[in-house]
Amino acid sequence: METVNINTSQNVQISYELAGLSDRIYAYLLDAFIIGTATLLLMMILIFSGWLDSSPFSLIIATIPAFLYHLVMEISMNGQSVGKKVLKIKVVKLNGSQATLGDYLLRWIIRPIDVMIYGGVAILCITLGGKGQRLGDMAAGTTVIKLRQSDFMQKHSLTSLDEHYVPVFDNADQLEPEFIELIEKAINIKLTSLDEKPVTAMAFKTRQRLGIDTILPDLKFLHTILKDYHHLKVKEATSI
Numbered sequence: 068m069e070t071v072n073i074n075t076s077q078n079v080q081i082s083y084e085l086a087g088l089s090d091r092i093y094a095y096l097l098d099a100f101i102i103g104t105a106t107l108l109l110m111m112i113l114i115f116s117g118w119l120d121s122s123p124f125s126l127i128i129a130t131i132p133a134f135l136y137h138l139v140m141e142i143s144m145n146g147q148s149v150g151k152k153v154l155k156i157k158v159v160k161l162n163g164s165q166a167t168l169g170d171y172l173l174r175w176i177i178r179p180i181d182v183m184i185y186g187g188v189a190i191l192c193i194t195l196g197g198k199g200q201r202l203g204d205m206a207a208g209t210t211v212i213k214l215r216q217s218d219f220m221q222k223h224s225l226t227s228l229d230e231h232y233v234p235v236f237d238n239a240d241q242l243e244p245e246f247i248e249l250i251e252k253a254i255n256i257k258l259t260s261l262d263e264k265p266v267t268a269m270a271f272k273t274r275q276r277l278g279i280d281t282i283l284p285d286l287k288f289l290h291t292i293l294k295d296y297h298h299l300k301v302k303e304a305t306s307i
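Quick note: the sequence shown uses our numbering, first residue 68, plus one each step.
In structure tokens:
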């Protein structure tokens with residue numbers, strides 16, 4: 068399983084699983100089917116309405132959906148197309164920030180080179196590059212990662228703690244289970260969509276609830292709270 072480490076704006080390094088080549092190919096094929104269907108429907112509408120003739124201009128109109136699809140989808144769906152959304156993969160910046168309009172535009176401009184030789188250029192770059200990047204990604208400083216909500220709980224088991232661990236915040240166990248679930252959901256949102264707002268909000272509420280004054284970045288703070296909470300609860304249960 069290949070991963071890439073992304074530094075967030077709070078200087079917290081998070082490891083994401085790179086989208087596999089098969090995921091990207093399946094997403095591409097699904098998008099190609101959608102593009103082909105949309106183009107066919109548009110051509111039929113233009114033919115029956117009398118707008119489509121043999122002039123170059125009418126052919127350009129008929130191919131507009133295919134030409135702009137990937138650019139429009141990634142901009143409007145924050146780094147995803149329909150195919151990427153179904154396969155749960157997403158375009159992200161390697162520095163942890165949300166990809167910009169310029170990034171999507173650069174990926175789109177270079178796409179014709181990537182799809183040369185039946186996509187051979189892109190496949191070669193993704194396979195040999197080490198960060199799951201095709202040429203467009205290399206130019207834009209982006210890559211494609213997997214979005215799996217269960218990844219956080221699978222990779223960061225909070226119940227298997229070191230028995231010698233010393234909690235940083237020894238009152239973390241005062242939080243209600245429902246509040247802890249909200250923290251976990253906020254972290255999942257951050258890990259899967261790079262949206263920091265829920266983490267920021269929950270970090271503020273947690274500090275306020277427990278009366279904590281800390282300089283820890285919000286994401287690292289919430290990770291620590293969860294670790295402390297589960298450690299204290301396990302310790303409490305085993306001492307009964």
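Even glycine gets a Cβ: it sits at the ideal position worked out from N, Cα and C.
- Contact between residue 129 and residue 102 is absent: CB atoms are separated by about 12 Å, not below the 8 Å threshold.
- Straight across, the Cα-Cα distance linking residue 255 with residue 176 is about 32 Å.
- Residue 137 counts as buried, since no fewer than 16 other beta carbons sit within 10 angstroms of its beta carbon.
- For residue 252, the uninterrupted alpha helix (DSSP H) segment begins and ends at 244-260.
- For the set 214, 251, 194, 242, the Cα lying nearest the Cα of residue 278 is the one of 242.
- Rounded to whole angstroms, the gap between the alpha carbons of residue 118 and residue 124 is 10 Å.
- Within the same chain, Cβ atoms closer than 7 Å to the Cβ of residue 285 are found at 77, 266, 267, 270, the five residues on either side in sequence being excluded.
- Here the stretch 291-300 lies against the stretch 233-241, with 3 or more beta-carbon pairs under 8 Å apart.
- For residue 156, the uninterrupted beta strand (DSSP E) segment begins and ends at 156-160.
- Relative to the Cα of residue 166, the nearest Cα in the group 149, 211, 187, 199 belongs to 211.
- Collapsing the DSSP output to three states places residue 131 in a helix.
- Rounded to the nearest angstrom, the Cβ distance from residue 142 to residue 168 is 6 Å, consistent with a contact under 8 Å.
- The closest CA to that of residue 83, considering only 291, 112, 178, 213, is found on 213.
- The C-beta separation of residue 291 from residue 283 comes to about 7 Å, placing the pair in contact by the 8 Å criterion.
- The bridge partners DSSP lists for residue 211 are 158.
- Under a 10 Å Cβ-count criterion, residue 107 is classified as exposed, with fewer than 16 other Cβ atoms of the shown protein chains found around its own Cβ.
- The C-beta distance from residue 203 to residue 174 rounds to 4 Å, short enough to fall under 8 Å.
- The Cβ atoms of residue 153 and residue 140 lie no closer than 8 Å to each other.
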